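These protein sequence lines map, in sequence, to chains A and B. Residues in the first sequence are numbered from 106 upward in steps of one, following our numbering. Residues in the second sequence are numbered from 106 upward in steps of one, following our numbering. All C-beta atoms in this analysis are idealised placements derived from N, C-alpha and C, irrespective of residue type, glycine included. These numbers come from a predicted model, not from an experiment. Let me begin by presenting the structure, written as structure tokens, before commenting on it.
2 protein chains.
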Amino acid sequence: MTTAEIITIGTEIVLGHIVDTNSRYIAGMLTKNGIHVLFTTSVRDDAELLTSALTIAKERAQLIITTGGLGPTENDITRETVSRLFNMPLILSSDSYTNRPQCADTLYEGAMKLKSIPSGALIIPNEHGTAIGFAIIHNHTTIVCLPGVPGEMYQMLNSYLTLYKTQHPAEEYSIVTRQFHTFGLPEYKINTVIKECDINKKLIKIMTLVHDGIVTVNVATSSLIKEDALRALDAAETILRKALGQAIFGTDDANLEHAVFELLKEKSATIAVAESCTGGLVSDKLTNIPGISEYFLEGIVAYSNEAKIHILHVPEADITTHGAVSAQVAEAMAKGIRKISGANIGIGITGIAGPGGGSEQKPIGLVYIAVAGSNFIEVKKCQFRGTRMSNKLFSANTALNMARLKLMNNC
Amino acid sequence: MTTAEIITIGTEIVLGHIVDTNSRYIAGMLTKNGIHVLFTTSVRDDAELLTSALTIAKERAQLIITTGGLGPTENDITRETVSRLFNMPLILSSDSYTNRPQCADTLYEGAMKLKSIPSGALIIPNEHGTAIGFAIIHNHTTIVCLPGVPGEMYQMLNSYLTLYKTQHPAEEYSIVTRQFHTFGLPEYKINTVIKECDINKKLIKIMTLVHDGIVTVNVATSSLIKEDALRALDAAETILRKALGQAIFGTDDANLEHAVFELLKEKSATIAVAESCTGGLVSDKLTNIPGISEYFLEGIVAYSNEAKIHILHVPEADITTHGAVSAQVAEAMAKGIRKISGANIGIGITGIAGPGGGSEQKPIGLVYIAVAGSNFIEVKKCQFRGTRMSNKLFSANTALNMARLKLMNNC
């Protein structure tokens with residue numbers, strides 16, 4: 106099995122100015138292609154440090170993917186460093202292999218640099234930008250250098266991997282992984298359920314991860330024969346699905362809003378959302394899904410009592426008697442948005458996101474979430490314990506999950 | 106100057122299942138404390154690979170911070186690996202140093218493990234969770250091991266850094282950095298402006314970064330004497346602010362919604378938002394700010410024409426004549442939300458986020474954004490070229506920036 110290391114190059118990463126999302130993308134793509142990622146490293150735009158990182162990586166991995174440092178400025182050192190370290194002088198590639206018109210002022214200064222590659226390297230064309238990438242082979246290690254701009258890098262990595270697969274057909278499926286995303290059960294319960302499952306834990310590796318209330322179960326197995334690995338994974342999936350039931354809302358790249366969208370499509374149902382403490386997050390999540398416009402009719406962010414009363418027709422007496430954060434108001438919001446939009450399902454959310462606004466009776470993180478349909482209304486009282494942002498996220502995910510279960514169970 | 110390496114431990118990272126955000130946080134905090142981060146490394150939950158990563162890090166850095174692998178399961182290998190590598194046998198710490206009630210089922214299995222530390226280590230208490238951290242010193246290298254859960258790690262890192270500062274008072278401010286966030290000028294123009302600024306580029310390092318239409322200018326300098334570095338940075342700031350003017354909307358942790366919030370507060374003004382293609386993202390961003398509820402009155406996500414007409418009172422004729430994606434409809438949406446909410450400023454956004462819905466006349470990424478006040482209306486036509494998600498983000502940021510400039514210039 107090919108072993109790999111990912112090296113992301115950029116002072117902005119080691120200074121903590123940006124989150125390195127490239128590593129995750131590359132790691133995911135390599136894993137999908139049966140490549141065993143051992144390490145990811147980030148390093149400053151510094152020739153000496155990059156040389157050291159490449160030297161170490163070459164000792165421990167057969168494939169090295171670097172991103173960053175291919176631009177036209179002085180801080181871009183990848184071409185020169187790789188050329189020097191592996192003793193392959195830089196040459197100008199004859200064609201541009203890029204697809205973007207360049208600004209006049211960068212054309213003269215940096216164009217030469219953008220087109221230069223170590224002699225003997227394979228060119229990886231850049232369809233979305235100006236910096237070409239390249240791959241070299243040095244003493245049985247392949248080093249692939251890609252730019253750091255995600256939109257350019259994705260396409261170039263995929264081009265390289267297409268080539269890789271033709272060269273390594275046997276490895277293509279040697280590792281198979283699948284993620285099952287669940288909502289509604291705490292992580293320790295899921296782990297208890299998994300422990301009791303009749304799955305060979307020596308062959309099938311299972312790992313759980315929690316984020317924003319979602320518990321993801323990662324299942325991985327490997328085999329020299331692709332079919333064997335897939336068969337083992339399928340068998341584990343059957344057992345896990347039986348044990349976890351409707352708690353599983355999706356696999357791999359799916360999220361809760363995607364699960365809701367698929368159910369809306371399947372049932373030809375429409376949805377509308379009235380939000381207070383989540384401030385538009387549920388609408389934002391739903392409208393991230395291409396094609397949602399047929400099913401998502403409208404969203405109201407009714408932050409003020411006036412908006413709750415005048416737009417959503419929440420009875421003023423409900424607010425006076427029970428307070429804006431109450432089961433009654435959540436219910437009235439869900440029913441109100443359902444009525445004014447004409448949607449099949451209405452969601453209402455009211456709560457205290459924090460950090461201010463809490464009291465002894467109604468502490469920060471108290472959120473009421475209602476889902477209304479033609480023949481049902483469900484109201485859930487939640488007590489979250491996070492920051493303003495995570496209380497918003499937990500509330501939004503809980504609301505989406507409630508809508509999902511209602512849609513699944515046809516009520 | 107102390108050199109450092111960050112090691113994040115977790116198979117989920119090198120498989121690409123999660124983005125490693127811990128590295129960014131730690132890198133930022135170390136940099137703020139004058140520590141020079143050279144590398145960040147991520148490694149599988151594998152004792153042999155972690156041993157190799159720690160051995161390499163020890164050769165090239167004086168301070169190593171690890172996160173992850175301190176939990177109760179078999180996959181958690183940090184305690185054992187550090188203990189073995191540095192020949193410091195594990196012992197049970199006498200007190201728990203944690204603050205969270207434990208589940209009965211994890212108490213028995215993992216509690217011993219969670220409390221064990223290499224003999225001679227300094228304990229780093231965990232105020233928000235069950236796994237204690239520790240720091241050891243081995244041949245002049247300090248190794249600090251923290252859990253991977255961000256909410257627990259943050260506090261523990263800060264505890265350690267408080268101690269670090271008392272031990273390294275002179276280094277406290279040896280590196281100073283400041284970020285200036287701009288909107289409205291393309292990166293190459295900003296770089297041209299910076300080039301012409303009378304700043305000593307040998308002493309003051311300047312770097313630009315782009316994300317979602319925002320161009321961030323990172324300025325860094327270092328000196329043995331804190332006051333010298335700060336004075337140099339202040340002088341550079343004065344020059345940059347003069348050169349970039351109102352394009353700068355904030356420094357360091359500030360974002361566009363925060364800049365709008367500060368101006369709303371300063372001017373005692375209120376805002377309301379009518380969104381179509383951004384789907385609630387502007388409302389969501391604004392409501393991430395604590396204290397916004399006094400200034401943000403309401404948001405409407407009017408995805409359907411019906412919602413635009415009935416809730417926002419957009420004239421049906423505007424939609425029929427010019428189409429839902431038009432300057433006229435954006436203007437009517439901004440005026441409509443302003444009127445129904447009673448806010449001082451109304452924002453209206455209509456466009457085609459993609460990937461479907463484009464035509465030759467109205468391509469994907471075409472967005473009209475309007476900002477309305479008592480005595481002004483501004484409508485901007487934008488043509489973005491990204492994915493659905495990035496078109497939403499660019500549109501939301503452009504709208505927030507338009508509102509910011511209107512508020513700044515009192516019109």
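Short CB-CB distance (under 8 angstroms) between B:Glu403 and chain A:
At least one beta carbon of chain A lies nearer than 8 angstroms to the beta carbon of B:Glu403.
B:Leu510: which of B:Glu367, B:Thr297 and B:His418 sits nearest, CA to CA?
Of all alpha-carbon atoms in B:Glu367, B:Thr297 and B:His418, the one lying nearest the alpha-carbon of B:Leu510 is that of B:Glu367.
Is the separation between the beta-carbon of B:Ala508 and that of B:Ile376 shorter than 8 angstroms?
Cβ atoms of B:Ala508 and B:Ile376: closer than 8 angstroms.
Nearest by alpha-carbon distance to B:Glu362: which of B:Ala340, B:Ser373, B:Leu391 and B:Lys347 is it?
Checking every option, the nearest Cα to that of B:Glu362 belongs to B:Leu391.
Near B:Ile248, what residues of its chain come up, given a Cβ to Cβ distance below 6 angstroms and the 5 sequence neighbours on each side ignored?
Non-local C-beta neighbours of B:Ile248 in its own chain, meaning closer than 6 angstroms and more than five positions away in sequence, comprise Ile169 and Ile241, ordered along the chain.
Would you check if the segment 399-412 of chain B and the segment 468-478 of chain B touch, i.e. whether three or more CB-CB distances between them fall below 8 angstroms?
With a cut-off of 8 angstroms, the segment 399-412 of chain B and the segment 468-478 of chain B do not count as touching, because too few Cβ pairs lie within range.
Three Cβ pairs or more, each shorter than 8 angstroms: is that satisfied between the segment 130-145 of chain A and the segment 259-272 of chain A?
Touching, per the Cβ criterion.
Could you compute how far the alpha carbon of B:Ala348 sits from the alpha carbon of A:Gly253?
A straight line joining the alpha-carbon of B:Ala348 with that of A:Gly253 spans about 28 angstroms.
Contact under 8 angstroms by Cβ, A:Leu314 with A:Ala352
Contact: no.
Alpha carbon to alpha carbon, how far is A:Arg443 from B:Gly428?
Computed Cα separation, rounded: 26 angstroms.
Listed by chain order, chain A residues near B:Lys493 by CB distance under 8 angstroms
The question names Lys, but residue 493 of chain B is Arg in the sequence shown. Residues of chain A whose Cβ lies closer than 8 angstroms to the Cβ of B:Arg493 are, in chain order, Asn393 and Pro395.
Is it true that the CB of A:Leu386 sits closer than 8 angstroms to the CB of A:Ala55?
One cannot answer for residue 55 of chain A here, as it falls past the ends of chain A, which runs 106 to 516.
Alpha carbons only, please: which of A:Met261, A:Pro223 and A:Thr246 is nearest the one belonging to A:Glu232?
Ranking the options by Cα distance to A:Glu232, first place goes to A:Met261.
Within 8 angstroms, strictly: CB atoms of A:Leu417 and A:Ala379:
Pairing A:Leu417 with A:Ala379 gives a Cβ-Cβ distance under 8 angstroms.
Rounded to the nearest angstrom, what separates B:Ile304 and A:Val148 at their Cα positions?
So the alpha carbons of these two residues sit roughly 27 angstroms apart.
Is A:Thr145 near A:Ile123, with beta carbons less than 8 angstroms apart?
Here A:Thr145 is not near A:Ile123, since their CB atoms are 8 angstroms or more apart.
Enclosing beta strand (DSSP E) for B:Gly238 [first to last residue]
Annotation: the continuous beta strand (DSSP E) that includes B:Gly238 extends over Gly238 to His243.
Look at the alpha carbon of A:Leu120 and the alpha carbon of B:Arg129, and state the distance between them as a whole number of angstroms.
Cα atoms of A:Leu120 and B:Arg129: separation of roughly 8 angstroms, rounded to the nearest angstrom.
Let me confirm a value: A:Phe481 is counted as buried when at least 16 other C-beta atoms fall within 10 Å, else exposed. Which label applies?
Exposed is the call here.
Would you list, in chain order, the members of the segment 124-147 of chain B that have their beta-carbon closer than 8 angstroms to a beta-carbon of chain A?
Going along the segment 124-147 of chain B in chain order, one finds Val124, Asp125, Thr126, Ser128, Arg129, Tyr130, Ile131, Ala132, Gly133, Met134, Leu135, Thr136, Val142, Leu143, Phe144, Thr145, Thr146 and Ser147 with a Cβ nearer than 8 angstroms to chain A.
How would you list, in chain order, the residues of chain A whose beta-carbon sits under 7 angstroms from the beta-carbon of B:Asp389?
What B:Asp389 touches in chain A: Gly384, Gly385, Leu386 and Asp389.
Below 8 angstroms on the Cβ atoms is my guess for A:Ser224 versus A:Ile182; work out the distance and round it to an integer in Å.
Not a contact, Cβ separation roughly 18 angstroms.
At a CB-CB cut-off below 9 angstroms, which residues of chain B make contact with A:Gln284?
Going along chain B in sequence order, the residues near A:Gln284 (Cβ under 9 angstroms) are His122.
Within 8 angstroms of any Cβ in chain B, is that where the Cβ of A:Gly461 sits?
Contact of A:Gly461 with chain B is assigned, a C-beta pair being separated by under 8 angstroms.
Helix, strand or coil at B:Thr183 [DSSP, three-state]
For B:Thr183, the secondary structure class from DSSP, reduced to helix, strand or coil, is helix.
Range of the contiguous beta strand (DSSP E) that encloses A:Met312:
In the DSSP assignment, A:Met312 falls within the unbroken beta strand (DSSP E) covering Lys310 to His316.
What residue does the beta strand (DSSP E) around B:Lys486 start on, and which one ends it?
Per DSSP, B:Lys486 belongs to the beta strand (DSSP E) from Ile482 to Gln488.
Three-state secondary structure (DSSP) at B:Asn138?
B:Asn138: coil per DSSP, three-state reduction.
Short-range partners of chain A found in the segment 471-494 of chain B, where Cβ spacing is below 7 angstroms:
Answer in chain order: Arg493 and Met494.
Helix or strand or just coil, what does DSSP make of A:Ile222?
Note: A:Ile222 maps to strand in three-state DSSP.
Euclidean distance between Cα positions of B:Gly115 and A:Lys270
Answer to the nearest angstrom: the Cα atoms are 27 angstroms apart.
Quick check on B:Cys159 - is its C-beta less than 8 angstroms from some C-beta in chain A?
Reading off the sequence, residue 159 of chain B comes out as Leu, not Cys. Contact with chain A is absent for B:Leu159, since none of that chain's Cβ atoms lies less than 8 angstroms from the residue's Cβ.
By the three-class DSSP mapping on this structure, what secondary structure does A:Leu498 have?
The answer is helix: DSSP assigns A:Leu498 an H, G or I state.
DSSP on A:Thr282, reduced to helix/strand/coil?
In the displayed model, A:Thr282 falls within a strand according to three-state DSSP.
Once the 5 residues before and after B:Ala448 are set aside, which same chain residues still bring their CB inside 7 angstroms of it?
The answer, listed in chain order, is Thr375, Ile376, Ala377 and Leu402.
So, does the CB of B:Tyr265 fall closer than 8 angstroms to a CB anywhere in chain A?
No, because no Cβ of chain A sits closer than 8 angstroms to the Cβ of B:Tyr265.
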